[in-house]
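Residue numbering for the sequence shown follows numbering that gives the first Met the number 0, beginning at 0 and increasing consecutively.
For glycine and all other residues, C-beta sits at the position ideal for the given N, C-alpha and C.
Fair warning: this is a prediction, and the values are worked out from it, not measured in the lab.
Working notes, structure below.
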Amino acid sequence: MSKKGTKCYLYFDEQILAKDIILANSKINEGEPDFSQVATTDEGIYKAEDDWGDSYYFRGDVTNNWIKFAGYYWRIIRINGDGSIRLIYNGTGTATTGTSTQISTSAYNSSYYDNAYVGYMYGSTGASSYAATYANTNNSTIKGVLDNWYQTNITNKGYGDKVSKEAGFCNDKKISTVNRSGYGTLGYGTNATVYAPVDRFLNASWSWLSTQNPTLKCSQLSNDMFTVSGSSKGNKALANPVGLITADEVVFAGGKGGTNNSSYYLYTGQNYWTMSPFDFYDGHADVFFVHSNGNLNYSNVYGAIGVRPVINIASNVTIKSGDGTISNPYVI
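Here is the structure:
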């Protein structure tokens, strides 16, 4: 300050987190949607609890969940409970249908004759215990595909610091509690077994539930929530923080088991994998996938169908520009 009292001012640019901008630009609904119906209009955002806290998920034919990151276009699935942003790959362009919305096709696991092969990772095949079967020591076929893609397109291009090392991916291998004819509850070797995600979408007679019951909670968090070593939760088994969408997230987004839907943001006109186990029966393992008609369905793990990487943008990331629309996506 001079003798005449001249003042000096300091100015700071406020850095608004990406999650706060996304939520501010969206309609946030009270309560929960009608899970007896598919979502075919822009239903905005709803809230549900995940293993970190309150998560905010997009539902229906939303138009403001576009992000451009690492040279690719992505759709926002949800804001995770830790504040990170969960994305699903859409490709190098903004076409919403066709094979450009996936990185390749792949078997979920090229081998199939064991319960172990519903795992994103797994332990021993031919084992005599559930714990040995799901020890998370071997990569699935599809995990290898995703790891290679992530290393080449995210890590090696210098974008890895923008990806969350806290959030994870649930491969829910808990055994079903519903009594179904011909199935037991062992979950190892070639013992016929149904897994817990089935209970949320199908009844004991194998009909799709009229009202489906998705969850963002991972029931066996310490074994089935796939995270990297830096996370405070999960199994810490991943080298790369990349996974797949879950069957539950498909239903939250507006899909439904057994009901076609071409009018929600996850519809691509292609079959593509989730990471939610279905069952082991009649000599092969099965996993849920999104059908080309937009419905939730299930398939043997050795079929070659679409791969759409899912990543989580870190909670401290800011947005450079954009409003989330297809013509003006958020830019990280």
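Quick check: the Cα distance between residue i and residue j, rounded to an integer number of angstroms?
{"i": "His283", "j": "Lys216", "result": "27 Å"}
{"i": "Gly254", "j": "Tyr263", "result": "7 Å"}
{"i": "Pro240", "j": "Asn311", "result": "8 Å"}
{"i": "Leu22", "j": "Ala115", "result": "39 Å"}
{"i": "Ser163", "j": "Phe279", "result": "33 Å"}
{"i": "Thr140", "j": "Tyr149", "result": "15 Å"}
{"i": "Gly358", "j": "Ser109", "result": "Past the edges of the chain, shown from 0 to 331, lies residue 358, and the structure says nothing about it."}
{"i": "Lys67", "j": "Ser298", "result": "31 Å"}
{"i": "Ser54", "j": "Lys46", "result": "6 Å"}
{"i": "Thr196", "j": "Ser209", "result": "Just to set this straight, residue 196 is Pro in the shown sequence, not Thr. When rounded, the distance between both Cα atoms is 15 Å."}
{"i": "Tyr112", "j": "Ile20", "result": "47 Å"}
{"i": "Asn24", "j": "Gly70", "result": "23 Å"}
{"i": "Gly188", "j": "Val117", "result": "12 Å"}
{"i": "Ala333", "j": "Gly186", "result": "Given a span of 0 to 331 for the chain in the structure shown, any question on residue 333 remains unanswerable."}
{"i": "Met224", "j": "Arg58", "result": "23 Å"}
{"i": "Thr61", "j": "Val249", "result": "The residue you asked about is not Thr; residue 61 is Val in the sequence shown. Going by the C-alpha atoms only, they are around 14 Å apart."}
{"i": "Ile84", "j": "Arg77", "result": "6 Å"}
{"i": "Gln211", "j": "Asn292", "result": "18 Å"}
{"i": "Ser105", "j": "Asn260", "result": "24 Å"}
{"i": "Gly321", "j": "Trp65", "result": "9 Å"}
{"i": "Thr267", "j": "Asn190", "result": "35 Å"}
{"i": "Gly323", "j": "Ser127", "result": "50 Å"}
{"i": "Ala252", "j": "Pro32", "result": "10 Å"}
{"i": "Leu86", "j": "Gly242", "result": "10 Å"}
{"i": "Val316", "j": "Trp73", "result": "16 Å"}
{"i": "Val300", "j": "Leu145", "result": "16 Å"}
{"i": "Pro276", "j": "Phe200", "result": "12 Å"}
{"i": "Gly257", "j": "Glu42", "result": "21 Å"}
Report buried or exposed for residue i, applying the criterion of at least 16 other Cβ atoms within 10 angstroms of its Cβ.
{"i": "Thr151", "result": "exposed"}
{"i": "Pro328", "result": "buried"}
{"i": "Lys156", "result": "exposed"}
{"i": "Lys26", "result": "exposed"}
{"i": "Val330", "result": "exposed"}
{"i": "Asp392", "result": "No statement about residue 392 is possible, as the shown extent of the chain runs from 0 to 331 and does not include it."}
{"i": "Phe192", "result": "The identity of residue 192 in the sequence shown is Thr, whereas the question assumes Phe. Looking at its Cβ environment, which holds 16 or more other Cβ atoms inside 10 Å, Thr192 is buried."}
{"i": "Lys18", "result": "buried"}
{"i": "Val177", "result": "exposed"}
{"i": "Thr91", "result": "exposed"}
{"i": "Ser180", "result": "exposed"}
{"i": "Asp160", "result": "exposed"}
{"i": "Ala236", "result": "buried"}
{"i": "Ser204", "result": "exposed"}
{"i": "Gln14", "result": "exposed"}
{"i": "Glu29", "result": "exposed"}
Tell me the DSSP secondary structure of residue i in three-state form.
{"i": "Ile332", "result": "The structure shown has nothing for residue 332, since the chain only spans 0 to 331."}
{"i": "Gly323", "result": "coil"}
{"i": "Glu248", "result": "helix"}
{"i": "Pro240", "result": "coil"}
{"i": "Gly159", "result": "helix"}
{"i": "Tyr10", "result": "The predicted model places Tyr10 with a pLDDT of 42, which falls under 50 and marks its position as unreliable; any figure quoted below should be read in that light. DSSP places Tyr10 in coil when its eight states are reduced to three."}
{"i": "Ser110", "result": "coil"}
{"i": "Ile15", "result": "coil"}
{"i": "Gly361", "result": "In the structure displayed, the chain extends from 0 to 331; residue 361 sits before or after that span and is not available."}
{"i": "Ser275", "result": "strand"}
{"i": "Trp73", "result": "strand"}
{"i": "Asp285", "result": "strand"}
{"i": "Leu22", "result": "helix"}
{"i": "Val330", "result": "strand"}
{"i": "Val193", "result": "strand"}
{"i": "Thr203", "result": "A quick correction: the sequence has Ala, not Thr, at residue 203. Correct three-state label for Ala203: coil."}
{"i": "Tyr263", "result": "coil"}
{"i": "Ala313", "result": "coil"}
{"i": "Val177", "result": "coil"}
{"i": "Ser298", "result": "strand"}
{"i": "Asn152", "result": "helix"}
{"i": "Ala47", "result": "strand"}
{"i": "Thr132", "result": "helix"}
{"i": "Ser105", "result": "strand"}
{"i": "Tyr116", "result": "helix"}
{"i": "Asp81", "result": "coil"}
{"i": "Ser54", "result": "strand"}
Strictly by DSSP, which residues pair up with residue i?
{"i": "Cys169", "result": "Met224"}
{"i": "Trp65", "result": "Arg74"}
{"i": "Leu215", "result": "Asp49"}
{"i": "Lys255", "result": "Thr258"}
Please report whether the beta-carbon of residue i lies at a distance below 9 Å from any beta-carbon of chain C.
{"i": "Thr192", "result": "Here chain C cannot be found, since the structure has a single protein chain."}
Validate contact between the region 49-57 and the region 29-40 using beta carbons, cut 8 Å, 3 pairs: no
Taking 8 Å as the cut-off, does the region 290-304 touch the region 257-275 (at least 3 CB pairs, one atom from each stretch)? yes
Are at least three pairs of beta-carbons, each pair with one atom in the region 133-149 and one in the region 111-123, less than 8 Å apart? yes
Does the region 164-175 come close enough to the region 216-225 that 3 or more CB-CB pairs lie under 8 Å? yes
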